[in-house]
Structures are given as structure tokens and as C-alpha cells.
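Structure first, commentary second.
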Amino acid sequence: MSGKYQKVAYYPGCALEGSGHAYNRSTKAVGKKLGLDLVELKNWNCCGAMEVKNIDPKIQTYLSARNLSIAEDMGFDTVMAPCNGCYHNLKKAEYDLENDEASREVNSRLSGKAGHNTYESGKVETIHALDWIKHSVGEEGIKDRVKNSLKGLKVANYYGCMYTRPRHIFPEKDKGPGSESTSKPHFMDELLAAAGAENVDYPLKTACCGGAHALSDSDTSTKLVLNLLTTAEACGADVIATECPTCHTGLEMHQIRAEKVLGRKTSVKILYFTQLLGMAMGLSPKAVGVHENFSDSMSLIKEKKLA
Amino acid sequence: MPIHEKSLIRPENLVEHDELVIDGVDVSGHWSTFIETRAISDYNEDLQDEIGALGGGENIHRCWQCGSCTNACTVNAINPDFNPRYWIYLIRLGMESELVRDKDIIWQCVSCNKCTYACPRDVNPEGVMKATAHWLEMKGHTEKKPSMIFDEAFSEQVFDTGKIEDGLVLRQFFQRTGQPLTQPWLVTLVTGLIKRFPVFYLMRLGLATVFRPRTKGWSRAKAAINEYVEEVEAANRKALKLDAKGAE
Numbered sequence: 008m009s010g011k012y013q014k015v016a017y018y019p020g021c022a023l024e025g026s027g028h029a030y031n032r033s034t035k036a037v038g039k040k041l042g043l044d045l046v047e048l049k050n051w052n053c054c055g056a057m058e059v060k061n062i063d064p065k066i067q068t069y070l071s072a073r074n075l076s077i078a079e080d081m082g083f084d085t086v087m088a089p090c091n092g093c094y095h096n097l098k099k100a101e102y103d104l105e106n107d108e109a110s111r112e113v114n115s116r117l118s119g120k121a122g123h124n125t126y127e128s129g130k131v132e133t134i135h136a137l138d139w140i141k142h143s144v145g146e147e148g149i150k151d152r153v154k155n156s157l158k159g160l161k162v163a164n165y166y167g168c169m170y171t172r173p174r175h176i177f178p179e180k181d182k183g184p185g186s187e188s189t190s191k192p193h194f195m196d197e198l199l200a201a202a203g204a205e206n207v208d209y210p211l212k213t214a215c216c217g218g219a220h221a222l223s224d225s226d227t228s229t230k231l232v233l234n235l236l237t238t239a240e241a242c243g244a245d246v247i248a249t250e251c252p253t254c255h256t257g258l259e260m261h262q263i264r265a266e267k268v269l270g271r272k273t274s275v276k277i278l279y280f281t282q283l284l285g286m287a288m289g290l291s292p293k294a295v296g297v298h299e300n301f302s303d304s305m306s307l308i309k310e311k312k313l314a
Numbered sequence: 114m115p116i117h118e119k120s121l122i123r124p125e126n127l128v129e130h131d132e133l134v135i136d137g138v139d140v141s142g143h144w145s146t147f148i149e150t151r152a153i154s155d156y157n158e159d160l161q162d163e164i165g166a167l168g169g170g171e172n173i174h175r176c177w178q179c180g181s182c183t184n185a186c187t188v189n190a191i192n193p194d195f196n197p198r199y200w201i202y203l204i205r206l207g208m209e210s211e212l213v214r215d216k217d218i219i220w221q222c223v224s225c226n227k228c229t230y231a232c233p234r235d236v237n238p239e240g241v242m243k244a245t246a247h248w249l250e251m252k253g254h255t256e257k258k259p260s261m262i263f264d265e266a267f268s269e270q271v272f273d274t275g276k277i278e279d280g281l282v283l284r285q286f287f288q289r290t291g292q293p294l295t296q297p298w299l300v301t302l303v304t305g306l307i308k309r310f311p312v313f314y315l316m317r318l319g320l321a322t323v324f325r326p327r328t329k330g331w332s333r334a335k336a337a338i339n340e341y342v343e344e345v346e347a348a349n350r351k352a353l354k355l356d357a358k359g360a361e
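First to last, the sequence lines map onto chains D and X.
In terms of the numbering used here, the first sequence has 146 at position 139, counting the first letter as 1, and numbering is strictly consecutive.
In terms of the numbering used here, the second sequence has 162 at position 49, counting the first letter as 1, and numbering is strictly consecutive.
Below, the structure written as C-alpha cells:
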């Protein structure tokens with residue numbers, strides 16, 4: 008596996024410059040530690056998240072196509088997006104541009120008027136931060152670099168919706184051994200296990216946190232998140248490992264809201280998987296942005312001697 | 114009983130007779146409940162075409178009613194009245210008045226894509242839910258729902274600058290929906306962060322307000338997108354047979 012993805016284009020996206028900055032910081036820090044090169048896309052734009060498609064899906068396709076055209080112009084054949092939303096949208100655009108004439112037509116019109124190259128499908132591969140670490144250094148690469156093993160840390164791996172659904176936009180998944188599964192994803196489990204973590208058998212790996220309506224329908228989101236939190240606790244997890252800034256912030260936000268509105272207190276911690284990997288490889292909590300999380304996980308980090 | 118016949122057994126459509134004798138047989142009482150006779154005449158024969166014309170609704174005609182969408186649905190699990198299969202059925206039959214009864218919950222689809230993952234017919238039920246919510250608002254059956262207000266605030270920022278700043282999206286959403294920013298959970302969330310790292314947080318908050326993140330060289334893309342959005346809106350209104358402005 009090693010050798011692949013040593014230098015890739017990096018698309019952080021808006022959330023990683025705002026509420027999810029801890030994910031940005033920890034992804035970069037882990038990459039540096041692993042000797043992997045990230046080159047940020049120049050003048051990237053928002054992918055449209057879960058919102059622009061509701062105004063019109065083809066604009067959303069264009070937004071991602073513009074980012075992919077930038078990667079191509081910079082000479083990259085791979086772009087890595089740690090945010091599930093960005094990753095999903097780049098994949099979706101790739102699929103639509105390959106299969107839908109109307110999407111191609113709108114993309115070429117908007118790209119022409121905006122004055123940049125029209126992206127054509129098949130030129131740039133989109134990968135997630137999980138693919139990036141899994142296929143560049145893999146579990147062996149992680150094991151070699153572990154300084155503070157996550158031994159004794161019980162982790163519920165939470166992948167969310169956008170990393171696996173719908174299946175058809177992820178042609179490389181469900182290809183048997185070695186490939187990611189869309190029904191039971193395992194890349195995060197494997198990477199964290201390599202760092203010593205004890206993964207619990209979490210049945211809600213791909214359940215929804217209600218992130219798209221985190222603010223507009225908070226009561227629904229709070230119910231969904233509370234279910235994720237209490238189930239993680241019932242599985243014996245100390246921490247939920249996340250790989251999406253919307254899920255992560257949603258869990259933090261609605262953990263507090265569940266306590267305030269429903270009187271249901273949960274104490275399971277929430278950390279990005281890159282924060283856990285980074286601390287396992289000897290990076291300080293500050294270097295992986297633990298202080299930038301909305302929730303406070305320091306008690307657990309100290310207890311497990313990761314600080 | 115087919116799912117679309119749910120309406121037949123609503124309490125207001127059921128009749129019980131305290132004293133009823135038919136052919137000499139006493140059938141009084143609740144054990145002999147009758148369904149009101151009815152004839153449906155208000156079909157909207159264009160309903161499927163109208164929703165199919167809106168973004169996301171294109172494949173609704175492919176549905177063969179297997180129910181995989183509802184079975185997989187995140188929202189259905191917490192509210193059994195949230196039933197994508199049922200709504201798709203109503204739309205395909207043209208039963209507009211039945212569909213409109215659920216106008217206050219259809220917008221609650223969380224876009225988890227479990228339905229689209231499960232659908233064997235590539236209907237994209239998630240897109241159909243969004244198109245239906247949009248249709249209800251455009252037709253004036255319901256006011257703009259919070260999710261549409263959020264989508265618009267978000268999209269306007271993207272179209273305007275190429276990027277969003279999540280604090281600004283949050284503030285605009287609360288402002289447009291007339292909610293105070295001092296939600297107890299939000300206060301706890303923010304003060305928790307400030308306590309642990311005040312200088313950083315305040316600096317970032319301040320900087321983001323003064324210097325909104327924006328994509329360099331975005332102005333031409335902005336013009337192209339805005340022009341296209343106007344075109345889409347005009348086409349949508351035409352498909353729904355609405356005049357250029359306002360309701361039907």
C-alpha cells in the first residue's frame with residue numbers, strides 16, 4: 008500500500024476554517040508526522056454542503072467541478088478532503104459529470120462564464136482523509152510511529168452519512184478485501200486499532216446525526232444525537248471518534264442541548280480520529296487542536312496519559 | 114389495505130350506527146363500523162410532472178412502491194407519519210389534498226441518503242423530499258420552513274463570496290427566523306470554549322466578522338451562478354404554472 012498518496016492536493020473546506028478548525032489542525036499535524044505532503048488548493052470555494060443542492064443540484068455540481076479544475080491546473084491527480092460533506096460533494100460531482108449530460112452542460116456553461124477550465128470527469132481522484140492515511144502509510148506505518156499507545160481507550164468509530172451514501176457515487180468501495188465497505192465501514196477502526204485503541208462494537212457507525220438540520224430542526228437533531236451518544240455509552244465507549252466536522256460539531260452541540268432541553272446528561276467524549284492518531288504518535292493535545300473543540304475532553308486525555 | 118387508503122379509516126371518515134337493522138339483522142354498535150362513501154374528484158393530474166420538474170424530483174416516475182425508502186428512513190424511525198413511500202404514491206396518483214395534509218413535516222428530511230442508498234429504482238427519494246418541500250412552499254400551501262430559510266442564507270453567502278463563515282450563517286439564520294442568539298445551549302457551548310481559550314476564540318470571532326472569508330477571483334463565477342439561479346427559478350415557476358411573482 009505504501010508509496011501512494013505521498014503528495015496530494017488538500018481541500019479543507021469552509022467548516023475546517025471555522026467550527027471544525029481542530030480537524031484541519033490535526034489533519035495537517037498528522038500528515039506532517041507521517042511525512043506526507045499536503046498542498047492546499049488555491050482559491051478554492053465552498054462545496055455547497057447540504058444546502059446549495061436544495062436551491063439547485065447542478066450549481067452544487069459546478070461548485071465541486073471548479074475545485075476539481077483547480078486541482079487539475081495545479082498538476083494534481085488526487086485531491087484529499089477530510090470533511091465528509093466536501094468529500095461527498097466532490098464524489099457526487101464526479102459521478103454526475105460522468106453520467107448526466109445536463110450536469111455537464113451546466114458545468115461547461117458556468118465554467119466558461121467564470122473564466123476557468125471546464126473540469127471533465129476522470130481527471131482527478133477524490134479521496135477522504137481515511138483513504139489518504141490508510142493507503143499511504145497504512146496500519147503498519149501507524150504502528151511504527153506510536154509513542155503513546157491508545158491502549159485501554161475504548162473508541163466508538165462514527166462515520167456518519169456522507170462517507171458511504173449513496174453507494175453509487177463511491178465506485179471504489181465494496182470491492183472486497185482491502186476496500187472500504189459502505190454498510191460496515193472499517194478504515195477508521197483499523198487505523199485507530201493500529202494506534203492501540205480498543206474499538207467497541209458500535210452499531211451506529213453510519214447512522215445520521217441530523218447535521219443538515221442541526222439548527223433548522225434542532226429537536227430532531229437532538230433526538231438523533233442523543234441516540235448516538237447513549238448507544239456509544241451502552242457499548243462502553245470512552246470516546247466517539249469522528250471524521251466529519253458537521254457530525255463532530257453536531258454531537259458536541261446537541262450533547263449540551265440534550266442536557267439543557269431534555270435533561271439527559273451524557274459524558275462520552277468526542278474527538279476527531281486525527282486528534283486520537285496524532286496524540287498516539289506523540290503530538291500534544293494543543294498540536295492537534297483539542298482546545299479548539301467545543302467540548303472539553305482533557306479529563307479523559309489526562310486519565311489515559313495521552314497528554 | 115394499500116397505503117394510500119389510509120385516509121379511508123381516519124376517524125372523521127368512519128360511521129357507527131347506534132341503531133341499525135339491515136335485512137332484519139341488528140348491526141348496531143361499534144363492531145359494525147362503516148367507512149363513509151366517497152368519490153375523489155380533485156386529482157391534480159399534473160402533480161407528478163410538477164414535482165418532477167423541480168431539482169431532485171426528476172426520477173419520481175420510476176418508483177414501484179417497494180417501501181425500501183420508508184423502511185430505511187432516519188426520520189420515520191422517530192416519527193412514523195414521515196413516510197416517503199406514501200408521499201411518492203400520493204404524488205404519482207395526483208392526490209394533492211392528501212399530500213398537503215403533511216405539509217408541516219415533509220421539510221424535515223435530514224438528507225442522510227439512507228433511502229437513496231436503499232432504493233432499487235434510482236428514484237433518489239431524498240431529492241424527491243426536497244422537491245416536494247419546495248413545491249409546497251412555491252404553491253403557497255405553507256410558509257417558508259426553517260430548512261429553506263437556512264438553505265437560502267447559506268447559499269446566498271456561497272454565491273456572494275464563494276465561501277461561508279459558519280458563525281455568520283448561524284447569526285443570519287437566527288435573525289431570519291426571529292430566534293434570540295441567547296439559546297441556553299449555545300451560550301454554554303460558546304462560554305465553554307471561551308473559558309478554555311479566550312484570546313484565540315475572540316480573535317477568530319472578531320477577524321471572521323471583519324474579514325469575511327472569500328474566494329479570490331470569484332466575481333465572474335458569482336455573476337454566472339446568479340444568472341443561472343434566476344433562470345432555474347423562472348423555469349420552476351413556469352413548470353408549476355405560477356406567474357412571474359407571488360402565488361398562483
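Even for Gly, the Cβ is constructed at its ideal location relative to N, Cα and C.
On a predicted model such as this, the values are computed, not experimentally measured, just so you know.
On the DSSP bridge list, what partners appear for residue i?
i	result
A315/D	Any question about residue 315/D goes unanswered here, given that chain D covers just 8 to 314.
H135/D	A88/D
G58/D	This sequence places Glu at residue 58/D; Gly is not what is there. None; E58/D has no bridge partner.
V128/X	F147/X
E146/D	DSSP, once it has assigned bridges, lists no residue as partnering E146/D.
L278/D	A248/D
L139/X	According to the sequence as given, residue 139/X is Asp; it is not Leu. In DSSP, D139/X forms a bridge with V134/X.
What is the DSSP secondary structure of residue i, reduced to helix, strand or coil?
i	result
K311/D	coil
M8/D	Only weak support exists for where M8/D lies, its pLDDT of 47 falling under 50; the value from the coordinates is given anyway. Coil at M8/D, not helix or strand.
V113/D	helix
L249/X	helix
T150/X	coil
V134/X	strand
N164/D	strand
K130/D	coil
T249/D	strand
K293/D	coil
E318/D	A query on residue 318/D cannot be resolved here, the shown segment of chain D reaching from 8 to 314 and no further.
E361/X	The predicted position of E361/X is uncertain, since its pLDDT is 45 and thus under 50; a value taken from the coordinates is nonetheless stated next. Three-state result, E361/X: coil.
Y94/D	helix
D159/X	coil
E205/D	strand
T237/D	helix
Y199/X	helix
T304/X	helix
Q292/X	coil
D356/X	coil
R214/X	coil
L284/D	helix
E108/D	helix
F194/D	helix
List, in order along the chain, the chain X residues whose C-beta lies closer than 7 angstroms to that of residue i?
i	result
S26/D	D279
S143/D	What S143/D touches in chain X: nothing, since even the nearest Cβ is about 28 angstroms away.
G217/D	V223
Cβ of residue i within 8 angstroms of Cβ of residue j?
i	j	result
G217/D	V207/D	no
M169/D	C251/D	yes
E149/X	N126/X	yes
Y18/D	A88/D	yes
Y230/X	R172/D	yes
E278/X	R325/X	yes
List the residues of chain X that residue i touches, going by C-beta distances under 9 angstroms, in chain order.
i	result
N31/D	Those do not exist, as N31/D stays about 12 angstroms from chain X at its closest Cβ, beyond 9 angstroms.
H298/D	L306, R309, F310 and F313
Taking residue i as the query, report the chain D residues whose CB atoms sit under 7 angstroms from its CB, ordered along the chain.
i	result
I173/X	In chain order: nothing, as chain D lies at least about 14 angstroms away.
L283/X	L222
L306/X	F301
Run down chain X in chain order and give the residues with a C-beta less than 8 angstroms from the C-beta of residue i.
i	result
G294/D	The residue asked about is misnamed: residue 294/D is Ala in this sequence, not Gly. The contacting residues do not exist; A294/D stays about 14 angstroms from chain X at best.
Going along chain D, which residues have a C-beta under 8 angstroms from residue i?
i	result
V188/X	T227
K243/X	K60 and N61
L398/X	Nothing about residue 398/X can be read from this structure; chain X reaches only from 114 to 361.
Starting from the beta carbon of residue i, find every residue of chain D whose beta carbon is closer than 9 angstroms, and list them in chain order.
i	result
Y341/X	D63, K65, I66, Y69, V113, R116, L117 and K120
*With a cut-off of 8 angstroms, do at least 3 Cβ pairs link the stretch 33 to 45 of chain D to the stretch 61 to 68 of chain D?*
no
*Touching or not, the stretch 146 to 160 of chain X and the stretch 196 to 210 of chain X, by the rule of three or more beta carbon pairs under 8 angstroms?*
yes
*asked:* Measuring CB atoms only, is the stretch 236 to 250 of chain X touching the stretch 165 to 182 of chain X, in the sense that at least three cross pairs come out at less than 8 angstroms?
replied: yes
*asked:* Taking 8 angstroms as the cut-off, does the stretch 260 to 267 of chain X touch the stretch 222 to 236 of chain D (at least 3 CB pairs, one atom from each stretch)?
replied: yes
*Is the stretch 199 to 206 of chain D in contact with the stretch 150 to 168 of chain D, if contact means three or more CB pairs nearer than 8 angstroms?*
A contact is defined here as three or more CB-CB pairs under 8 angstroms, and the stretch 199 to 206 of chain D meets this definition with respect to the stretch 150 to 168 of chain D.
*asked:* Whether or not the stretch 300 to 313 of chain D and the stretch 275 to 286 of chain D are in contact is what I'm after, with contact meaning three or more pairs of Cβ atoms, one per stretch, closer than 8 angstroms; do they touch?
replied: yes
*Would you say the stretch 124 to 138 of chain D touches the stretch 76 to 84 of chain D, given that touching needs at least three Cβ pairs under 8 angstroms?*
yes
*asked:* For the stretch 255 to 262 of chain D against the stretch 250 to 259 of chain X, do three or more pairs of beta-carbon atoms, one drawn from each stretch, fall closer than 8 angstroms, so that the two count as touching?
replied: no
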